[in-house]
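> Chains as they are written, first to last, in this note's numbering: chain U, 14 to 323; chain Y, 4 to 540; chain F, 196 to 669.
Ideal placement from N, C-alpha and C gives every residue a C-beta, glycine not left out.
Mind having a look at this structure? Questions to follow.
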Amino acid sequence: MLAYTMKRLMAGVITVWFIATATFVAMHMVPGDPLMNDKAVTAEIRKNLEIKYGLDKPVGEQYLIFMGNMLQGDFGISFTQQNRRVNDIIRDHFPVSATLGVLALFFATIGGVVWGALTAVYRNRLPDIIIMFMVILGISVPSFVFAALGQLLLVNINSALGFSLVPVAGWGTISHMLMPSLVLGLSTMALLTRLMRSSMLEVINEDYIKTAKAKGLSPLRIFFKHQLRNAILPVITILGPQIAAITTGGFVVELVFAIPGLGRYFVQAVQQLDYTVIMGTTVFFGAFLVLMVILVDILYGFIDPRVRLQ
Amino acid sequence: MRSCLAAILLCLPCLGMAQTEVTSADFASQTITIALNQEPPQLNGMKATDQVSIFTLGHVMEGLTRYDRRGNIVPGVAERWEVTDTEATFWLRKNARWSDGSAVTADDFITAWQNVLKPATASEYAFILYPLLHGEAINKGELDPAELGVKALDEHTLHIRFERPTGYFEKLVAFVTYFPVKGEFLAAKGSRYGADATDLLYNGPFMITDWVHSASLHMVKNTHYWDRENITLNAINADYITADTRARLNLFIDGKIVHTSLDGETYKDALAQKLRIRRFTTGSVFYLEYNFRAGRVTNNINLRRAIQHVFDPDEMVNKVLATPGNLPGKSLFPVWLNGKTDKFRQEYRPQEASLDLVLAREYLEKARIELGVEQIPPLVLLVGDSPTAAKQAEYMQGVLKAKLGLDLKIDVQTFKQRLAKMTAGDFDIVAAGWGPDFDDVMTFGDLFTSWNMNNRGRYSNPEYDKWVRIAMNSADVTVRMDAMGKLQQILFDDAVILPQYEQGVIYLMHPNLRGVVRRVVGADPDFTHAQVLEKGD
Amino acid sequence: MATTLTAELTPELTPDFTAASHNLSVEQISRPSLSYWEDAWIRLKKNTRAIISLYIVIFLALFTLAGPLVWQVDPSLQDLNQISQAPSWPKTALLAAPYERWQPIILDDFPSEPDTFPDVIPAPDGLQTIGLATTQQIRLRWNPVVGAGGYSIYRNNHLPEGLNDLGLPLATTMGGNEISYEDRLNLEARKYYYSVVPTDGIDEGDKYVTLEVIPTIAITRAEATARGLISAASDLPEGASLTLHFHPFGTDYLGRDMLARLMEGARVSLFIGICAPFLFVLIGILYGGFAGYFGGQLDSTLMRFADFVVALPFLLFMILFKIAFGIGPGESGIIPMLIALVLLSWPGTARLVRGQVLQIRNNGYIDAARLLGAKNSYLVLRHILPNTMGVILVSLTFAVPGAIFTEAFLSFIGMGVAPPTPSWGSMCNEGVKTMLSHPHELIFPATFISVTVLAFNLLGDGLTEALDSRMRSR
């Protein structure tokens, strides 16, 4: 077990190194650079800027410098926020994104598993049809529409009540987090519902379920002990990447609900071609993703004893 | 299920209790809450370039002079001043203080200006200090910063020598790049200067007490500010940071913020909510710029004239932008610029091209013959990736196709890729805009000189350059304005640009809030002298 | 199948014995034997969901391919007289004189700046329209007010309830003697309430007057000719009414026909929305199936590569692809976009399939089949793939809207289709902004996307049930 984890972690380090290198190369191949701005500067000022940020050096040398610093855990200073270290940006804003993401995933998983199981139990009957209709709506309508609608709903609730029941935007208390995480979790919830339904349907007809029924186990016990446990596997498989996707993909929700998350930095960094922030966030998220995947694989081994970890 | 829902609803108010219920404009505490478009990227005044930073710095810092509510220059740190063709003297007020209680001295300005020009600082706005003697040479690294033509006659008297006559110098010193910096403090903070609330020393009406990056920024009245008696607001809290206009409108409706801008869609919701909408012209001009590099079809004047005679800025403003406040583009020089005694545009009326399809087609035919082609090849219009840019580009595409049979290819590019293409000259037409840095025609006038890097189409006309030089080297307002009038005519005759519109915005402001000033240059909106009334109308 | 097996085995098993007499009639299979896939096809045909999805697909194909033949409207033709019109019957318009610039009324015998600033400036009287109020222009005038240094003109969609509810601030005139205003701002044929507030030159007073105006739809002769509503030689008099083009689904923000745009947009969206998911799910199946089936070192290497691809910043690499493929301005880079999309999107499915395969390959029946000498390919095709189908179809269904919106996003940054070519996704993106005021611009494209997704969902369900032998009995 320990050896397996160590091996996975080693492989993870190599993966992250690949991610860093590929991103570095791509970033420098894309036209434009972080120093360009709406108002063009004179050649002299441009030269001063290049020297200050080390962009006058050959790209190869820049790569070595970056890798050297990265090994020491230093991603450098942001180009757009010239006083902030990328490390500080990640430290300040990742917890926000992570909180939002975990909450969203919590809603998504609970909702997905419950709805999915329901649809399987009531297959082709009214609850199934209604839930599947919602699922289709959930995946066909982009998240920014839900974000806008969700916020509008809050405004209308507040104005109907005459006081602020739930804040419309901002960050701080749990009440700030409810609507954005719900919106953020919607598409994942839809995906999980759908996945859960189809894997439940497969499990329901397995022999061991029939055996359990024949043994006279209570339906509830069969459901939790046998059906759910077996059906939940595909759900767990995608959870790892989904955690990463949800914590990085919160850009729209973060913007609409004025949440100081890392997702905004990640997207804006690419638009601004902010080299250091791109590298910092990509490597960080890459490492995060790899870790989550390892975690899920280990979890897999616990839930399904048939899958042996090599 | 229902009882469960009720239980959740009952719990929610308790969650909300964590923060006390304050209105966005609180009379008793004279506190207002606002939203920022984005996190201020840079609170180091020597390097700031963007709107949000300039907005914040404009509230917490003060230069030698400042603008009043009518846009006139009034004393700031300087009590009085004298500006001649070759030099200027500013007498600083003795009671100007930093937020640590120490005096703002002439040396603080010299420190700031030398630092801005030092190549190692790499300030993008260093050029705005080039009127100072040796400013440009220092920035190029040819001279030591100590050689800058600025000296302190005594602690409160600042003497400046000019590189060339700068008639608008008193307006320049109101700009952020000219703000003072306390030397010792800067040395102590090093690269951290301006990074956090405690890494700045303030000499303006407010000071930042608390700055949570991307979340909130709180400003309170600066008790050391010399004019504190005339500042009514006790605090300005920027509690929300988002660029989403609908989110900001929702916050406004919910009573969380005192001000928000509206766009072509959100204003309809504001109307339905029966909110009072106000209008303001930002002072920025938007236009299409042609590529004059050799080999480009847009180098042909007749082609440009053909487009000039079919484009109707009135239609664009009324139907495409479709919000009030925008003015049809008629000139590079916007209407608000001052001329000799009246507004520049009143004194030098720009010529307007007639909307004449027949004439336009004649020009197009001439262009076709001159270019020696069967048919004019499709033109490439380079635009940014904002929704409004795309909409305007599609409108232009429709106009040129319908009226001239010209094909326009829209080249949508993300921010930096667009800039790279603009710099490389990889376009026929590019959508551009210009916002003023200071309140003088020159901020627009020198745009199309052959040496200006912002002249992306590399338009080069010795006649144009000549008139800019004449204006630059004179402090005589008539000579300068006449020269600018000539530039305006050249821009029209040569069809150098296709002016589209002067930008206007519509916005909402809390009815209890008074004295907020909208500005075309400097901190906008300016809450400095605002006050919260007990009850609005 | 049973007969062939017997035939093969018999000679080996009974070399020394005389074959027992064989009554063929007993073993005769009355119906042709069905392979697994044939069986699945039959069951699919019996499935109502699958049939519904089939009809939807036929409808979408007709809409996309035959639609433009029936509805021959240029999807990129702009009509600035009919911006963001909701679906409606054809409208009629008056033929109007060509627009001429209008000189505001400025009185010579009235001061532009007041001599004294009164505390209360009364509201002007005599607010009226000049000429016919049309959607081309509405011209207003009013009587000057003593003490005014200018007038602010407001426009609202409802009757103002007070000074804070005057509506849209259109303009402020420069002097107390300028007593007219021409409004041309995006006029629609609806009721407007104009209010005029005198100012003292800087601040507005608090008395106002309101006028209700309903403009009639008008179109200039030049416009009408350009749109083919009348012929160039037509001597229809001004003021005559004519019928405007019919837009059954309304128009968009530049007055383009929504129906024609939906039809044209369908090509891009359906192509990307079907091809991309199909391709990357296929790659995902192969990759994930391969990794999961063989396992071990190969599996972990392959999966680490999948992690690598997932972690790459999508936007950055899309910009890079755009350059690598050399997509020029105005060119539609659909195929490159498809490739790029597939290259970056397969790992999700691959992971999912691998997980399923890992689980299935340890099942008893797999071992049993292997013991019986089943080949790898047989195991994968016959036993493993069908059992992962449910999960695969789910991920395929979800990839459809994903691809449609990714296309919209990429078109937005200059990859994918070039304007004015529409796509459902980009129409949706545009529609969101006008969600509350012109919902039809969002609802139509969103409905089409939903219907497409619905079709795939139903098809997916049908397939799952058809493919899963355990569900046969149900």
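(1) Against chain U, does GLU127(Y) count as a neighbour if the rule is that its beta carbon must be under 8 Å from one of theirs?
(2) Compare the beta carbon distance of ALA271(U) and TYR510(Y) with 8 Å and say whether it is the shorter of the two.
(3) Does DSSP put LYS154(Y) in a helix, a strand or coil?
(4) Considering only their Cβ atoms, is the gap separating PRO524(F) from VAL383(Y) smaller than 8 Å?
(5) Any idea if GLN267(F) is buried or exposed, counting beta-carbon neighbours within 10 angstroms, 16 or more meaning buried?
(6) With 8 Å set as the bound, which would you pick, yes or no: does the beta-carbon of LYS346(Y) sit closer than that to a beta-carbon of chain U?
(7) Alpha carbon to alpha carbon, how far is PHE279(U) from GLY89(U)? Give it in angstroms, no decimals.
(8) Please confirm whether THR629(F) has its beta-carbon closer than 8 Å to some beta-carbon of chain Y.
(9) Between LEU322(F) and LEU406(F), is the Cβ-Cβ spacing less than 8 Å?
(10) Tell me LYS224(Y)'s beta-bridge partners as DSSP assigns them.
(11) Classify VAL415(Y): buried if its beta carbon has 16 or more other beta carbons within 10 angstroms, exposed otherwise.
(12) Leaving out the 5 sequence neighbours to the left and right, which residues in its chain are closer than 7 Å to ALA661(F) when beta-carbon positions are compared?
(13) When the Cα atoms are used, what is the spatial distance from PRO508(F) to TYR181(Y)?
(14) Whose C-alpha, out of GLY104(Y), PHE418(Y) and ALA81(Y), is nearest the C-alpha of TRP94(Y)?
(15) To which residues does DSSP link TRP232(F) through a beta bridge?
(16) Within 10 angstroms of the Cβ of MET42(U), are there 16 or more other Cβ atoms? Answer buried if so, exposed if not.
(17) Closer than 7 Å by C-beta to THR201(F): which residues in its own chain qualify, once you throw out the five before and the five after it? Chain order, please.
(18) Does any residue of chain F bring its CB to less than 8 Å from the CB of GLY299(U)?
(19) Would you decide whether THR438(F) is buried or exposed? Buried here means 16 or more other CB atoms lie within 10 Å of its CB.
(20) Give the single residue among HIS189(U), LEU241(U) and GLY274(U) whose Cα lies nearest to the Cα of LEU254(Y).
(21) Provide the residue(s) that pair with ALA24(U) in DSSP beta bridges, ordered along the chain.
(22) Tell me whether the stretch 33-49 of chain Y and the stretch 257-268 of chain Y touch, counting them as touching only if at least three CB pairs, one residue from each stretch, are closer than 8 Å.
(23) Rounded to whole angstroms, what is the Cα-Cα separation between ILE32(U) and ASP502(F)?
(24) What does LYS351(F) reach in chain Y if we use C-beta pairs closer than 7 Å?
(25) Could you check if GLU74(U) is buried or exposed, using at least 16 other CB atoms within 10 Å of its CB as the buried criterion?
(26) Applying the 10 Å Cβ sphere with the 16-neighbour rule, what's the burial state of ILE514(F)?
(27) So what's ARG231(Y) in DSSP terms, helix, strand or just coil?
(28) To the nearest angstrom, report how far apart PHE520(F) and GLU526(F) are at their CA atoms.
(29) Taking only runs that begin and end inside the stretch 51-101 of chain Y, name each unbroken alpha helix (DSSP H) of 4 or more residues, in chain order.
(30) Between the beta-carbon of LEU113(U) and the beta-carbon of LEU197(U), is there less than 8 Å?
(31) At a cut of 8 Å, does the stretch 98-117 of chain Y reach the stretch 148-162 of chain Y through at least three beta carbon pairs?
(32) Looking only at DSSP bridge pairs, what is GLY507(Y) linked to?
(33) Using alpha carbons as the reference points, say which of GLN395(Y), ASN341(Y) and GLY298(Y) lies closest to ASP315(Y).
(34) Any contact of the stretch 206-224 of chain U with the stretch 239-247 of chain U, i.e. 3+ C-beta pairs under 8 Å?
(35) Roughly how many angstroms separate the alpha carbons of VAL523(Y) and THR206(U), rounded to a whole number?
(36) Measuring straight from C-alpha to C-alpha, what distance separates VAL476(F) and HIS106(U)?
In terms of the structure at hand:
(1) yes
(2) no
(3) strand
(4) yes
(5) exposed
(6) no
(7) 15 Å
(8) yes
(9) yes
(10) PHE209(Y)
(11) buried
(12) ALA235, ARG238, LEU239 and ASN242
(13) 40 Å
(14) ALA81(Y)
(15) In the DSSP output, where bridge partners are listed per residue, TRP232(F) has none listed.
(16) exposed
(17) Residue confidence is low: THR201(F) scores 42 on pLDDT, short of 50, so the model does not pin down where it sits. No coordinate-derived value is stated.
(18) yes
(19) exposed
(20) HIS189(U)
(21) DSSP, once it has assigned bridges, lists no residue as partnering ALA24(U).
(22) yes
(23) 9 Å
(24) For clarity, residue 351(F) is Asn in the given sequence; the question names Lys instead. LEU274, listed in chain order.
(25) exposed
(26) buried
(27) helix
(28) 11 Å
(29) 54-63
(30) yes
(31) yes
(32) THR284(Y)
(33) GLN395(Y)
(34) yes
(35) 53 Å
(36) 34 Å
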